[in-house]
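Shown next, in structure tokens, is the structure this report addresses.
In the working numbering, the protein residues as written are 2 to 277.
Structure (structure tokens):
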């Protein structure tokens with residue numbers, strides 16, 4: 002999609018069930034960032050789960066049922082579908098094709114949907130050609146945790162980092178052993194909580210080593226797991242973690258507030274000078 006000639010005027014945001022249930026601010030921030038970029042944004046209706054947990058658990062009949070429901074719902078809602086989760090985007094883009102490998106009719110419908118589905122940072126950078134969020138800024142040190150599905154299933158890694166690096170005032174510190182899983186792994190953390198906790202502790206300690214003020218990830222599952230492990234270790238163990246969309250939304254507010262403060266200060270200086 003060319004970033005100018007074929008730029009969409011509207012998009013649909015798919016709300017991952019984890020985000021919608023436990024961190025709805027991710028969905029809200031995704032909407033706001035897209036709206037500030039000039040797009041009309043609506044939430045996908047009639048879908049509660051893409052089917053990834055069932056797929057990962059080996060419950061493929063249930064996963065197919067949820068995939069069919071998602072496909073049918075989105076066929077009635079045209080336009081690009083932006084997903085603030087590499088896991089959900091990978092499920093719809095790649096694993097629906099696996100589920101329907103022997104069902105040609107559904108496989109073609111899944112293929113048509115896959116062409117419309119974009120992960121959040123991918124959509125901003127690759128589809129809209131965004132190099133920076135206008136007016137956004139962030140004062141502080143950041144570190145970034147790449148989710149496994151985002152990096153390995155979708156091949157998306159440079160895009161979220163580029164968006165972080167574009168923020169005036171921000172300094173991104175590389176995360177040691179960044180390719181290591183955080184331990185969430187979809188249903189893995191529920192099936193093997195002790196192992197998931199140990200893996201998560203390794204990730205939290207790595208984040209703490211960066212001495213960043215804030216950790217950022219682009220997947221709700223990673224965020225919730227890392228945040229939970231951090232709480233179990235004590236809130237002082239490393240910085241808090243936020244979703245990329247939340248940070249970009251907050252960075253816009255920070256930039257707008259800073260600009261307004263500078264304008265007020267400049268006006269005050271001019272009034273003071275003219276009164277002399």
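From the three backbone atoms N, C-alpha and C, an ideal C-beta is built for every residue, glycine too.
Three or more Cβ pairs closer than 8 Å define a contact, and the region 32-41 falls short of that threshold against the region 59-71. For a cut-off of 8 Å, the C-beta gap from residue 207 to residue 174 is around 11 Å, too long to register as a contact.
In its chain, beyond the 5 residues on either side, 37, 134, 136 and 137 have a beta carbon closer than 7 Å to the beta carbon of residue 253. If you ignore the 5 residues before and after residue 202, its C-beta comes within less than 7 Å of the C-beta of 230 and 234, all in its own chain and listed in chain order. The alpha-carbon separation between residue 156 and residue 180 amounts to approximately 13 Å. The beta-bridge partner set that DSSP reports for residue 11 consists of 41.
For residue 106, the number of other beta carbons within 10 angstroms of its own is below 16, and it is reported as exposed. Non-local C-beta neighbours of residue 97 in its own chain, meaning closer than 6 Å and more than five positions away in sequence, comprise 68 and 111, ordered along the chain.
A direct Cα-to-Cα measurement between residue 178 and residue 146 gives close to 10 Å.
Distance between residue 245 and residue 85, taken at the CA atoms: about 9 Å.
For residue 189, the uninterrupted alpha helix (DSSP H) segment begins and ends at 189-192. Between the beta-carbon of residue 31 and that of residue 48 there is about 15 Å, and that puts the pair past the 8 Å contact cut. Annotated as distal: residue 184 and residue 19, with beta-carbon spacing of 8 Å or more. Rounded to whole angstroms, residue 88 and residue 149 show a C-alpha spacing of 8 Å. Between residue 176 and residue 122 the beta-carbon gap is near 16 Å, outside 8 Å, which marks them as no contact. Inside the region 149-231, DSSP marks whole alpha helix (DSSP H) runs of 4 or more residues at positions 159-166, 189-192 and 194-210, from first to last along the chain.
In the DSSP assignment, residue 23 falls outside any beta strand (DSSP E) and lies within the alpha helix (DSSP H) extending over 18-23. Boundaries for residue 142: no alpha helix (DSSP H) harbours it, while the beta strand (DSSP E) harbouring it runs 141-146, taken from the DSSP string. Residue 116 has its alpha-carbon roughly 15 Å from the corresponding atom of residue 8. When secondary structure is reduced to three states using DSSP, residue 76 falls in the helix class.
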